[in-house]
Amino acid sequence: MGITDMQEAFYYRECAAAHENSPLGLHYAMFLPTINKQATPEQKKKWLPLAENYKMIGTYAQTELGHGTFIRGLETTATYDPKTKEFILDSPTLTSKKYWPGCLGKTSNHCVVMAQLYTQGKSHGPHMFMVQIRSMEDHSVLPGIEVGVIGNKFGYGTNDNGFLSFDKLRIPRENMLMRYSQVGRIPRENMLMRYSQVSRIPRENMLMRYSQVHEDGTYVKPQNAKLAYGSMVLIRSSIVSDAARGLAQACVISIRYSAVRRQTEAYPGGEEPQILDYQTQQYRLFPLLASAYSLQLAGKYVFNTYLEVNDQIEKGNLESMPELHALSAGLKAFSTYEASAGIEVCRICCGGHGYSQASGLPKIYVDVVPGCTYEGENTVMMLQTARYLMKCYSRAKQGQKLPGFVQYIGQNLNKKSCMSEEVALGCLVMAYEHRAARLVEAAAMRMQSLIQGGKKQHEAWNGSSVQLFWAAKAHCHLFCVKNFVDAIQAKSLSSKTVTVMKSVCQLYGVHGILENLGEFMQDGFFSGEQVGYLQRKMLALFENIRPNAVALVDAFDYPDMVLGSCLGRYDGQVYQALYDYAKSAPMNQTEIHSTYYKHLKPLINPETTSDAMQFAKL
Ligand SMILES: CC/C=C\C/C=C\C/C=C\CCCC(=O)SCCNC(=O)CCNC(=O)[C@H](O)C(C)(C)COP(=O)(O)OP(=O)(O)OC[C@H]1O[C@@H](n2cnc3c(N)ncnc32)[C@H](O)[C@@H]1OP(=O)(O)O
Ligand SMILES: Cc1cc2nc3c(=O)[nH]c(=O)nc-3n(C[C@H](O)[C@H](O)[C@H](O)COP(=O)(O)OP(=O)(O)OC[C@H]3O[C@@H](n4cnc5c(N)ncnc54)[C@H](O)[C@@H]3O)c2cc1C
Numbered sequence: 001m002g003i004t005d006m007q008e009a010f011y012y013r014e015c016a017a018a019h020e021n022s023p024l025g026l027h028y029a030m031f032l033p034t035i036n037k038q039a040t041p042e043q044k045k046k047w048l049p050l051a052e053n054y055k056m057i058g059t060y061a062q063t064e065l066g067h068g069t070f071i072r073g074l075e076t077t078a079t080y081d082p083k084t085k086e087f088i089l090d091s092p093t094l095t096s097k098k099y100w101p102g103c104l105g106k107t108s109n110h111c112v113v114m115a116q117l118y119t120q121g122k123s124h125g126p127h128m129f130m131v132q133i134r135s136m137e138d139h140s141v142l143p144g145i146e147v148g149v150i151g152n153k154f155g156y157g158t159n160d161n162g163f164l165s166f167d168k169l170r171i172p173r174e175n176m177l178m179r180y181s182q183v184g185r186i187p188r189e190n191m192l193m194r195y196s197q198v199s200r201i202p203r204e205n206m207l208m209r210y211s212q213v214h215e216d217g218t219y220v221k222p223q224n225a226k227l228a229y230g231s232m233v234l235i236r237s238s239i240v241s242d243a244a245r246g247l248a249q250a251c252v253i254s255i256r257y258s259a260v261r262r263q264t265e266a267y268p269g270g271e272e273p274q275i276l277d278y279q280t281q282q283y284r285l286f287p288l289l290a291s292a293y294s295l296q297l298a299g300k301y302v303f304n305t306y307l308e309v310n311d312q313i314e315k316g317n318l319e320s321m322p323e324l325h326a327l328s329a330g331l332k333a334f335s336t337y338e339a340s341a342g343i344e345v346c347r348i349c350c351g352g353h354g355y356s357q358a359s360g361l362p363k364i365y366v367d368v369v370p371g372c373t374y375e376g377e378n379t380v381m382m383l384q385t386a387r388y389l390m391k392c393y394s395r396a397k398q399g400q401k402l403p404g405f406v407q408y409i410g411q412n413l414n415k416k417s418c419m420s421e422e423v424a425l426g427c428l429v430m431a432y433e434h435r436a437a438r439l440v441e442a443a444a445m446r447m448q449s450l451i452q453g454g455k456k457q458h459e460a461w462n463g464s465s466v467q468l469f470w471a472a473k474a475h476c477h478l479f480c481v482k483n484f485v486d487a488i489q490a491k492s493l494s495s496k497t498v499t500v501m502k503s504v505c506q507l508y509g510v511h512g513i514l515e516n517l518g519e520f521m522q523d524g525f526f527s528g529e530q531v532g533y534l535q536r537k538m539l540a541l542f543e544n545i546r547p548n549a550v551a552l553v554d555a556f557d558y559p560d561m562v563l564g565s566c567l568g569r570y571d572g573q574v575y576q577a578l579y580d581y582a583k584s585a586p587m588n589q590t591e592i593h594s595t596y597y598k599h600l601k602p603l604i605n606p607e608t609t610s611d612a613m614q615f616a617k618l
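Taken in order, the sequence shown gives residues 1 to 618; the numbers are from full-length UniProt numbering.
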């Protein structure tokens, strides 16, 4: 299509086939970025032009039948042969077969493979390798490779997720992606080799300024083994906006439909009101609208943070890696949980028509919900964030200053809420900070008591993991609330806009407290009277938001062709669109379906079955 800007290309694809996960999705989302971020300049010079011009079409092949979460447990091996200067890729067991990678079964001719690196008889953990799996001439599968699709899935029907295994496949040494390196302090005269290793490398390798397996098989480890996980952090950082987009689109559809749909007399003989006027419909939809705005802001923040931190990493400064990992992992989990659950509520709020593909909602749901699993299963990601929060807690207890959004950890928990009838944004943030700080401390105390009771570290971890999960979820929730409040208070919006958006932000905060009341009240932080303030404020905010509800979803500005929905059309012509959709159904192209003659007619009119048999033979 000749569009070079990746964002524009994304919007083009969204318009052309919204929520139809592209068979090139992984090529764009992971294969190209992995070459960009994990390959040396020499490797980029060789592969990028081919990949950018669709000669190399690839995917990211990491997950195996037996392992997805535990990367260090992957079984595919890449063993270096110094005699031939090659890696031998092998799938030694059934469970080592790659399984799930998108665009793998039939589309890709290359893939980046995550395999356990072995050299000089030692294992060095998971590393990435560029592997050609199909001929560039006729797309036939290359020797030593078995590849195919994994079959029907819950959704993602347009993506040929596949399986892949190797039978002692040899690839050149140069196909190991060797970017990051252990750059120890090296004498000035070596400045030209400032990226190179602790050991001198042959001149011809000057360009390979990264960690590598030298020709004799010597392995030089990177500055941080987790640099190899960089592509996943990138996708996690972009999934947040992805999830926000799906939830926002579902809100557009369900709120527009709720403004069109009328149902049930408001009073005997009265007219049927718009279902959007039912308080219960507002209770289910307006907080989701607020969540969509909140997640969109969170998505922007985390992706910008990724860009900033990745920039530092590429200059050798890895200081912010842990914080970025904790933020991206937690928000990826939090956003996909919220969006998936919210899209389902939007569907249910549309009654029977919500269950039709004509609503556009099933397609959005099956496109967003796998985000709870891929790129790091959500619970595991939350626990990664919890791991970081525990470290922050112990640093806070030692009196160390904490960075950014974790400064609330270790705060004095004896205070009470400042909440009044007004429900000030500052009191909302304080409530979320208190809840998160208390849950972080409770998880840390639980860990400590288990260890003091004789449990080993890993036993204490597992024995505290529910509380660790709660703490991580509360941390992410606080992030979203505070980020939303900061955006409202910082934005130079017009007074009308800020009034409306302040109500939306307030609703996000108030609703989140009322839906998690136990965590906010467990230590008496809120009084019963203050909870009453919140309940009354929520109902008042529904009334406040109602007149602007349709404008608030129109503001997302998704064209009808992206929504793909008879219910969410901008012109509101829902019923005509549903009828036209039904009429266009393939089964309606004939008045009597062919199966009548073969299956029904013999039951209804057995005496004329022979005619039916004649017809069935046609
Ligand atoms: C937006 C999308 C648009 C379109 C979509 C189109 C296509 C997309 C569709 C599908 C894409 C999906 C692709 C995939 O699913 S690819 C496969 C994804 N798989 C995973 O994400 C696996 C998840 N597992 C892991 O990441 C790791 O196994 C782990 C859970 C993080 C554990 O790693 P491990 O090596 O065992 O580390 P630990 O021992 O737990 O921790 C050690 C230490 O390392 C720190 N750490 C871990 N990961 C990172 C990281 N990424 N960056 C920085 N630091 C990291 C961790 O915090 C810990 O630090 P300590 O200081 O606490 O020791
Ligand atoms: C639509 C889709 C597209 C995908 N695309 C790709 C792709 O392109 N490339 C690729 O490599 N992979 C891909 N995957 C695979 C995906 O990355 C994995 O499924 C994901 O990482 C989860 O790993 P798993 O399937 O092994 O789940 P498991 O880790 O087996 O999870 C199963 C359960 O075990 C729990 N669990 C696991 N470990 C822990 C732990 N340490 N602590 C607590 N609980 C735990 C989890 O919380 C979960 O409830 C895709 C998956 C899907 C669904």
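Glycine residues also receive a C-beta, built at the ideal position from the N, C-alpha and C atoms.
Predicted, not measured: the structure shown is a model, and the values here were computed from it.
Our two residues, Thr608 and Gln589, have alpha carbons roughly 25 Å apart in a direct line. Taking the Cβ of Ser495 as the reference point, every heavy atom of ligand 1 lies at 6 Å or farther away. C-alpha of Lys83 to C-alpha of Pro41: approximately 26 Å in a straight line. By the Cβ-count criterion, Lys456 is exposed, with fewer than 16 other Cβ atoms from all chains shown falling within 10 Å of its own Cβ. Following the DSSP letters along the chain, one finds Tyr278 in no beta strand (DSSP E), marked with neither H nor E.
Taking C-alpha positions only, Val553 is separated from Thr79 by approximately 54 Å. For ligand 1, a non-hydrogen atom lies closer than 6 Å to the CB of Tyr229. With a cutoff of 6 Å, Gly68 counts as near ligand 2, since its C-beta is closer than that to a heavy atom of the ligand. Each of Leu234, Gly148 and Ile71 was checked against the Cα of Met114, and the nearest Cα belongs to Ile71.
Taking the Cα of Leu285 as reference, the smallest distance to any Cα among Gln296, Ala437 and Ser254 is reached at Ser254. With contacts defined by Cβ atoms closer than 7 Å, Glu75 and Thr59 do not form a contacting pair. In the structure shown, Asp311 adopts helical secondary structure according to DSSP, grouped into three states. The bridge partners DSSP lists for Pro370 come to none.
Under the three-state reduction of DSSP output, Ser241 falls in the helix class.
When only Cα atoms are considered, Gly144 and Phe31 end up about 22 Å apart. Here the alpha carbon of Val220 sits roughly 12 Å from the alpha carbon of Lys122. According to the DSSP assignment, Thr59 belongs to the beta strand (DSSP E) that extends over Gly58 to Ala61.
Collapsing the DSSP output to three states places Leu74 in coil. If the five residues before and after Lys226 are omitted, its C-beta is found closer than 8 Å to the C-beta atoms of Met321 and His325, all from its own chain and listed in chain order. The C-alpha of Tyr558 is placed about 7 Å away from the C-alpha of Gln249.
Comparing C-alpha distances from Glu344 to each of Cys251, Gln400, Ala431 and Ser394 shows the shortest one belongs to Cys251.
Non-local C-beta neighbours of Ser165 in its own chain, meaning closer than 6 Å and more than five positions away in sequence, comprise Ser91, Lys97 and Glu146, ordered along the chain. In terms of Cβ geometry, Met381 and Ala333 form a close pair [threshold 7 Å]. In terms of side-chain proximity, the C-beta atom of Gln62 is found nearer than 6 Å to a non-hydrogen atom of ligand 2.
For the options Asn483, Ala472, Gly512 and Cys111, the alpha carbon positioned closest to that of Met128 is the one of Cys111. Annotation: Gln506 to Leu428 spans about 8 Å, alpha carbon to alpha carbon. Proximity to Ala555 across Gly25, Arg256, Ser135 and Thr336 peaks at Arg256, based on C-alpha coordinates.
Each of Gln535, Gly352 and Gly217 was checked against the Cα of Asp81, and the nearest Cα belongs to Gly217.
Residue state for Glu344 is assigned as helix, using DSSP reduced to three classes. Counting of Cβ neighbours within 10 angstroms places Leu307 among the exposed residues, the total staying below 16.
Looking at the DSSP output, Gln38 bridges to nothing. Contact check between the stretch 513 to 526 and the stretch 369 to 379: fewer than three CB pairs, one atom from each, fall below 8 Å, which does not count as touching. Distances from the CA of Gln212 to each of Gln223, Ala243, Arg236 and Met178 were compared; the closest alpha carbon is that of Met178.
Remark: C-beta atoms of Arg446 and Ser464 approach each other more closely than 7 Å. Shown here for Leu439: same chain residues with a beta carbon closer than 6 Å to its own, the five before and five after excluded, namely Trp470, Ala471 and Ala474 in chain order.
Beta-bridge partners assigned by DSSP to Gln132: His110.
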